[in-house]
Amino acid sequence: MPLTPTDDLVRKQLAVAADRLRQSMNQLEFDEPVSYIYNPLDYAWDLHRQYIELASGEAEVLFLGMNPGPWGMAQTGVPFGEIATVRDWLGISGDVCEVDPEHPKRPIEGLDCERSEVSGRRLWGLMRERYPTPQDFFRKHFVVNYCPLVFMEESGRNRTPDKLSVDERQALQVHCDQHLQEVIRVLPWKHLVGVGAFAETCLKRVAASSGSEIAIGRILHPSPASPAANKDWSGTATSQLVKMGIWQ
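At position 95 of the sequence shown the residue is numbered 95 (full-length UniProt numbering), and the sequence of numbers has no breaks.
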């Protein structure tokens, strides 16, 4: 079925914004304890572009995550991109480029990676349960991450953006806020939903700076590091979305 002009325009604008973010991230520098930085918008750009092609001009709900996990978007270029979901449900295929330098404990294997990210499995698993096809989900929803970079310490430990130094966090925020503003402008969203408290804070800050009055809410982050998320995360998230009037 041919794409509608609205879909074409939305996808083009999202791709341009993502490419601008990709390039701006490569200009930033980070000091210890950050020892390795992965930018999946670089080495997994082809897969990310395929993901953007799923976006719909009718979307009303924007979900915002924080940054890639080592076994999710870091491998696939897709927000919360758990391997099986990206490959088997979203239908995204292809290879990723090499990363240099690459942490020996965090190899990038793309869709061949045999690890599974719990956060992505939970989030996309809920969407797969509720929507028969990806098209059904993307008709009204889209998912992006606030920051596209993966930060790792020498040990291989993941370091989230909120744990960066103040100066580094502020420099990162300039570009990530700009990207988020661009994404918000792409469509007349009815709901902005932070996946976790950090993302909700980002949405409120960016929406306030742009004068946007879109409804902003939050769902529990699906990370296994959260005790609450390990107790029926899908049920909790569903209840929160129903309460916000997004789902029935």
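Just so it is clear, CB atoms sit at the ideal spot from N, CA and C, and this is done for glycine as well.
Since this is a predicted model, take the numbers as computed values, not measurements.
Below 8 angstroms on the Cβ atoms is my guess for residue i versus residue j; work out the distance and round it to an integer in Å.
i    : j    : result
V86  : A55  : The pair is not a contact, with the Cβ atoms about 15 angstroms apart (cut-off 8 angstroms).
L241 : I216 : About 13 angstroms separates the two Cβ atoms, so there is no contact after all.
V195 : P70  : Contact doesn't hold; Cβ gap of about 17 angstroms is too wide.
G57  : T6   : 3 angstroms
P148 : R20  : Not a contact, Cβ separation roughly 11 angstroms.
S119 : S223 : 5 angstroms
Do you know whose CA, among the options, lies nearest residue i's CA?
i    : options                   : result
L187 : I214, P161, C176 and I219 : I214
Q181 : H191, D162 and R205       : R205
L47  : G110, G57 and E60         : G110
C176 : Q50, E58 and L64          : L64
K190 : Y51, M244 and G94         : M244
T238 : M127, R159, A197 and R157 : M127
In whole angstroms, give me the CA-to-CA distance for residue i and residue j.
i    : j    : result
C113 : N39  : 17 angstroms
R185 : L62  : 11 angstroms
Y36  : E154 : 7 angstroms
S210 : L41  : 25 angstroms
W233 : Q178 : 31 angstroms
P2   : F198 : Annotation note: pLDDT 45 at P2 (below 50); position unreliable, no value reported.
T236 : D162 : 24 angstroms
V34  : R159 : 7 angstroms
V143 : E32  : 31 angstroms
Taking the beta strand (DSSP E) that residue i belongs to, which residues open and close that run?
i    : result
H191 : H191 to V195
F142 : H141 to N145
V150 : V150 to M152
A237 : From DSSP, A237 is part of no beta strand (DSSP E) but of the alpha helix (DSSP H) over W233 to K243.
Residue i lies in the alpha helix (DSSP H); which residues open and close that run?
i    : result
R11  : P5 to M25
V174 : V166 to V186
G125 : V118 to R130
P134 : P134 to F138
**OP:** Scan the segment 36–79 and note each continuous alpha helix (DSSP H) run of 4 residues or more that stays entirely inside, going in chain order.
**Re:** 40–43, 45–52 and 73–76
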